[in-house]
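J.: These protein sequence lines are chains Y and W, in that order. Following this note's numbering, the numbering of the first sequence begins with 679 at its first residue and continues without gaps. Following this note's numbering, the numbering of the second sequence begins with 66 at its first residue and continues without gaps.
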Amino acid sequence: MGLREDFEAIVAGIPYSLREEVIGYVDSVEESSPEIFREAGVDRSPELLDQFLFLAGVRRLHTLTTSYYWLLDRSLQLLGSDASAISVGRSRLERGGGEMKMLRDLVRKFNEMLANHGLSDVVAQGSLADVVLFLQGRPVR
Amino acid sequence: MNLEAVRDAVADLVAQHKAAFTTLGRRETQALEIGALVLAVEHYRRVGFETRAVNLQQDAFKVKLSAKGYPSNFSWYEVSRGTQRYEIHANLPVRGATNHDKGVYVVDVGVAVAGAVPAVKKGRVAVANDNLVSFVEAKKLVIYPMLLAQFVGIVHEIKPKYLGGRAAVGRAHFYPALVSVGYLRGTSEDIVKGYKRRGYLVNVVPTFDERVVSMAHDPLAPSPFRPRARHGRPARPKLEVVSDDVPF
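Following this line, the structure appears as structure tokens:
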């Protein structure tokens, strides 16, 4: 099994909607990969493409996790001191509540993991062409 | 680079935080609904407006989730800078731009002149078209050509001036926006590039969650919306460090 298949097996453990977004994204990146590799000035090989799509998936999972957490957290921060919760239909999201702590912990651990593997910049902020360059050990633009 | 080690670390992360991912999945729709609202508020905050949550209920900001219900039964944001004051509402009903009918459209997020949203709770309530400044439509879809056509149709019915190459309002405001967690598919990218040549003043923001991450990294980064305002400073940057220590 390649890294991409391994990744798909890993994300089988997350909720369906998130999983579909991540896997759908990887599929779309594969479609665009000839252009992305051309932009990076790197020849495509099956092994490099597999590694690239794996990191594209990790990057998408990180983006979804981080952005959704930030949006929820930001919506609570924007309330200032006037309120401490967002009421959406029947559910209530509390500032400092258990759900937000859990999500914050996930984002923190995800960021730590990326940093431990030297992936923070390329996964969190780089372009897809940068990911290709990174895999080739070439300087990221 | 040992990618097998990264794979194992990702597997551990997913296994150890299953409950958090479940929560994220459950809150995803809410994050999107709130997300468009937050992006609009952040746009104004980052060009120097003060922001304030209004009409709070039981210590909470009550989000209007659908077209149903009177705006005054829900919470909204007020943004102000000097004498300028606007309100940002979720699912805001607004009159169409034409006088030929009395059509009412509901935009996902609407920016209106302060005080222009009727406070009544009777009959069909809608903001007069002239009092709507701009709006955001949010989708959890890949941006395909027909979605773009639908969005341009909405702009045409509600704020056609933006398709005529001239903004209806001042520079602090953003052009009508389509934001999506999906990416541009097929010929969509080319269509969006064509909007500029056609003088369409609209924002199409694919994978807006990636733009959100950029904003999270940089409290002073502009919003993803055009036009990029060049004046003003964020009014309350201290908000950035209030809640937690997550190193974005």
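Glycine residues also receive a C-beta, built at the ideal position from the N, C-alpha and C atoms.
1. Mapping DSSP to helix, strand and coil, what is residue 304 of chain W?
2. Report the CB separation of residue 704 of chain Y from residue 734 of chain Y in whole angstroms; it is logged as a contact under 8 Å.
3. Have a look at residue 776 of chain Y and residue 797 of chain Y and give me their C-alpha separation to the nearest angstrom.
4. Could you tell me which of W:210, W:218, W:244 sits nearest to residue 253 of chain W, measuring between CA atoms?
5. For residue 238 of chain W, name the three-state secondary structure that DSSP assigns.
6. Taking C-beta pairs closer than 9 Å, name the residues in chain W that residue 742 of chain Y reaches, listed in chain order.
7. What residues of chain W sit near residue 817 of chain Y, judged by a beta carbon separation below 7 Å?
8. Can you list the residues of chain W that residue 760 of chain Y reaches, using a CB-CB cut of under 7 Å?
9. Expressed to the nearest angstrom, what Euclidean distance is found between the alpha-carbon atoms of residue 98 of chain W and residue 130 of chain W?
10. Which parts of the segment 169-224 of chain W are runs of the alpha helix (DSSP H), unbroken and 4 residues or longer, counting only runs that do not cross its ends?
11. Starting from residue 154 of chain W, follow its DSSP beta bridges and name the residues at the other end.
12. Could you spell out where the alpha helix (DSSP H) holding residue 701 of chain Y opens and where it closes?
13. Leaving out five residues on either side along the sequence, give the residues of the same chain with a beta carbon under 7 Å from the beta carbon of residue 179 of chain W.
14. Looking at the unbroken alpha helix (DSSP H) that takes in residue 109 of chain W, where does it start and where does it end?
15. Using only alpha-carbon positions, find the residue among W:79, W:88, W:110 that is nearest to residue 290 of chain W.
16. Quick check: the Cα distance between residue 803 of chain Y and residue 224 of chain W, rounded to an integer number of angstroms?
17. Can you tell which of W:86, W:91, W:120 has its C-alpha closest to the C-alpha of residue 769 of chain Y?
18. Are the C-beta of residue 699 of chain Y and some C-beta of chain W separated by less than 8 Å?
19. Under 8 Å between the Cβ atoms of residue 121 of chain W and residue 174 of chain W?
20. Would you verify that the beta carbon of residue 124 of chain W is, or is not, closer than 8 Å to some beta carbon of chain Y?
21. Is it true that the CB of residue 132 of chain W sits closer than 8 Å to the CB of residue 156 of chain W?
22. Kindly indicate the opening and closing residues of the beta strand (DSSP E) around residue 118 of chain W.
23. Using only CA atoms, which one of W:280, W:264, W:70, W:83 lies nearest to residue 784 of chain Y?
24. Is there at least one Cβ from chain Y nearer than 8 Å to residue 277 of chain W's Cβ?
25. Check whether the segment 183-196 of chain W touches the segment 159-173 of chain W, taking contact to mean three or more Cβ pairs, one atom from each stretch, closer than 8 Å.
26. Quick one: grab the DSSP three-state call for residue 139 of chain W.
27. Rounding to the nearest angstrom, what Cα-Cα distance links residue 307 of chain W and residue 744 of chain Y in this structure?
28. Taking the beta strand (DSSP E) that residue 270 of chain W falls in, what are its first and last residues?
29. Are any of the Cβ atoms in chain Y nearer than 8 Å to that of residue 187 of chain W?
30. Taking one C-beta from the segment 69-79 of chain W and one from the segment 786-797 of chain Y each time, how about it: are there three or more such pairs within less than 8 Å?
31. Locate the beta strand (DSSP E) running through residue 770 of chain Y, then write down its first and last residues.
32. List, in chain order, every chain W residue whose beta-carbon is nearer than 9 Å to that of residue 691 of chain Y.
T.: This is what the structure gives:
1. The pLDDT assigned to residue 304 of chain W is 36, lower than 50, so where the model puts this residue is not dependable; a value taken from the coordinates is nonetheless given after this. Here residue 304 of chain W sits in helix by DSSP.
2. Between residue 704 of chain Y and residue 734 of chain Y, the beta carbon gap of about 6 Å places them in contact (Cβ cut-off 8 Å).
3. When rounded, the distance between both Cα atoms is 29 Å.
4. The shortest C-alpha separation from residue 253 of chain W is found at W:210.
5. Residue 238 of chain W: coil per DSSP, three-state reduction.
6. Within chain W, the residues 89, 93, 246, 274 have their CB atoms less than 9 Å from the CB of residue 742 of chain Y, given in chain order.
7. Here the premise fails: no neighbours, minimum Cβ distance about 14 Å.
8. By Cβ distance, chain W contributes 118, 121.
9. Cα to Cα, residue 98 of chain W sits roughly 8 Å from residue 130 of chain W.
10. Runs of the alpha helix (DSSP H) inside the segment 169-224 of chain W: 210-223.
11. In the DSSP output, where bridge partners are listed per residue, residue 154 of chain W has W:175.
12. Where residue 701 of chain Y is concerned, the enclosing alpha helix (DSSP H) stretches over 694-718.
13. Same-chain partners within the cutoff: 143, 150, 151, 152.
14. Note, residue 109 of chain W: alpha helix (DSSP H), 83-111.
15. Nearest C-alpha to residue 290 of chain W among W:79, W:88, W:110: W:110.
16. If I take the Cα positions, the gap works out to 35 Å.
17. When only C-alpha atoms are compared, the closest one is W:91.
18. With 8 Å as the cut-off, residue 699 of chain Y counts as an interface residue toward chain W.
19. Against a cut-off of 8 Å, the Cβ pair of residue 174 of chain W and residue 121 of chain W comes out as no contact.
20. So yes, residue 124 of chain W belongs to the interface.
21. Against a cut-off of 8 Å, the Cβ pair of residue 132 of chain W and residue 156 of chain W comes out as a contact.
22. Per DSSP, residue 118 of chain W belongs to the beta strand (DSSP E) from 115-119.
23. If we check each option's Cα against that of residue 784 of chain Y, W:83 comes out closest.
24. Yes, because at least one Cβ of chain Y sits closer than 8 Å to the Cβ of residue 277 of chain W.
25. Flag = yes, the segment 183-196 of chain W and the segment 159-173 of chain W touch.
26. Of the three classes helix, strand and coil, the one that applies to residue 139 of chain W here is coil, per DSSP.
27. Below a pLDDT of 50, predicted positions are generally treated as unreliable, and residue 307 of chain W, at 35, falls in that range; the measurement from the model is reported next regardless. About 17 Å.
28. Its beta strand (DSSP E) spans residues 268-270.
29. No, no contact with chain Y.
30. Of all C-beta pairs linking the segment 69-79 of chain W to the segment 786-797 of chain Y, three or more are shorter than 8 Å, placing the two stretches in contact.
31. Segment 769-772, the beta strand (DSSP E) holding residue 770 of chain Y.
32. Around residue 691 of chain Y, the beta-carbon contacts reaching into chain W at under 9 Å are 76, 79, 80, 83, 86.
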